[in-house]
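As structure tokens, the structure follows; a few thoughts come after it.
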Amino acid sequence: MFRSVLLSLTGLLACQSVVADEVFFRTEVEASAEPVPIYDMIHGWDGAVEPGEYAFGDASISAGVKYHGFVLGVEKRWFYSMQFTPETVAWYLELDRGIETTVASDILLDVQSFDGRGITGGYEFSGNRWSLTPLFTIYKIGHYQFGETDGVTSPGEGIDASVYLEYYFDEDKILDYRAEEGDRFGYSFTLQGRWSHLSGLDFAFELRDLWNLLEFYQASYREGCVNFGTVDENICNFGDSSAEGQDGNQNFNASIPVTVIASLDYRPFLLSAGIYRHDHYQRLTLGKGWMVRDDVRLDALATNLNQLGVRVRRGNLSFTYLADDLRFKEARDARLDFSYAYPF
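Pasting the structure below:
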């Protein structure tokens, strides 16, 4: 949520006791998919598939103003987090491509996904070479899915599985079902800070969604246990019926894990390091910069996720791009970050 508000993770931080007034804009995308490229995770598994345990994405477009330390902004945000087992990936691939299942396996899938429009308010406390900015965002949530699937599969052609599922959703595209439900809101508290040493060492951090709550009033709800085909192990505790469960609407609350972002920048040697961590997803970045002009710094970046990238900074403008593959549709780990602040 307004990650752009006053915190540039690039490390070129002006540390003054006088807070600058500015209008800011930021577009940020962080995405990763272990089993398939990000494009295939969204549009369908048509390419190569590897074992994996998660897929993660957090994207936002935000804009706002900072005046005498007060921050006010708006944001559009898209978030998803999926956790699964390598056996689940293999089973889904076999099912999707009509391949006969050769071994029994356990399947597990946990999903958190939503999009929303938000408004953010906060205040930047600052002193000599430091600042601390608490921010609070209220979201009006649009589409969402929260739930889990747990089960077992048996060898054979087609679907041979015993599966328990529980999830909350606003729309079921498979069944062409659009829910009638109440309002849904989200609340998030984020803490940003920066500090600069006289030696030229700059430190910045952000604890995004440090506290958060997502509230769904009369959310569409589906819980059930289903037996598909013939299974060696049955996790559904009912008699001869192949399915049992319930649909309805009920109030539902959820929260997402905190995202930790931090950076170090040593200006005398133009060296930088950064970390981005959300639950199972973790990216470590190292960078080396060059001043290509008096006011333009260019950094070459590398990460632990086999990403290479570039960051360009000029005054209050910053652009970063990281990817593990230059081919857009083949990238499994990528980051895009563009921010600009206009002082007044």
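In this text, residue positions in the sequence shown follow the numbering used here: the first is 280, and each later residue adds one. Glycine included, C-beta positions come from ideal geometry on N, C-alpha and C. Predicted, not measured: the structure shown is a model, and the values here were computed from it.
Exposed unless 16 or more other CB atoms sit within 10 angstroms - verdict on residue i
| i | result |
| --- | --- |
| F404 | exposed |
| E309 | buried |
| P316 | buried |
| I321 | exposed |
| Y423 | buried |
| A613 | buried |
| D526 | exposed |
Simplified DSSP state of residue i, which is helix, strand or coil
| i | result |
| --- | --- |
| L337 | The identity of residue 337 in the sequence shown is Asp, whereas the question assumes Leu. The answer is strand: DSSP assigns D337 an E or B state. |
| E523 | strand |
| T364 | coil |
| D439 | coil |
| E373 | helix |
| F598 | strand |
| E609 | helix |
| D429 | strand |
| D389 | strand |
| T381 | coil |
| L477 | coil |
| G472 | strand |
| Y344 | The displayed chain sequence assigns Val, not Tyr, to residue 344. Note: V344 maps to strand in three-state DSSP. |
Backbone CA spacing between residue i and residue j [nearest angstrom]
| i | j | result |
| --- | --- | --- |
| N528 | G426 | 14 Å |
| F415 | P314 | 35 Å |
| G348 | R611 | 39 Å |
| F482 | F548 | 15 Å |
| K355 | G421 | 10 Å |
| K345 | F507 | 57 Å |
| A369 | L596 | 44 Å |
| A440 | V382 | 12 Å |
| G406 | S475 | 11 Å |
| N532 | Q391 | 12 Å |
| G377 | R556 | 36 Å |
| Y466 | E512 | 42 Å |
| D449 | C504 | 20 Å |
| E332 | P365 | 6 Å |
Start and end residues, alpha helix (DSSP H) containing residue i
| i | result |
| --- | --- |
| I321 | 317-322 |
N- and C-terminal bounds of the beta strand (DSSP E) containing residue i
| i | result |
| --- | --- |
| C504 | 480-507 |
| L543 | 538-545 |
| V575 | 575-582 |
7 Å Cβ cutoff met for residue i and residue j
| i | j | result |
| --- | --- | --- |
| R590 | T599 | yes |
| I417 | E485 | no |
| D319 | Q362 | no |
| T367 | E373 | no |
| D574 | R593 | yes |
| L605 | Y545 | no |
| D603 | L584 | yes |
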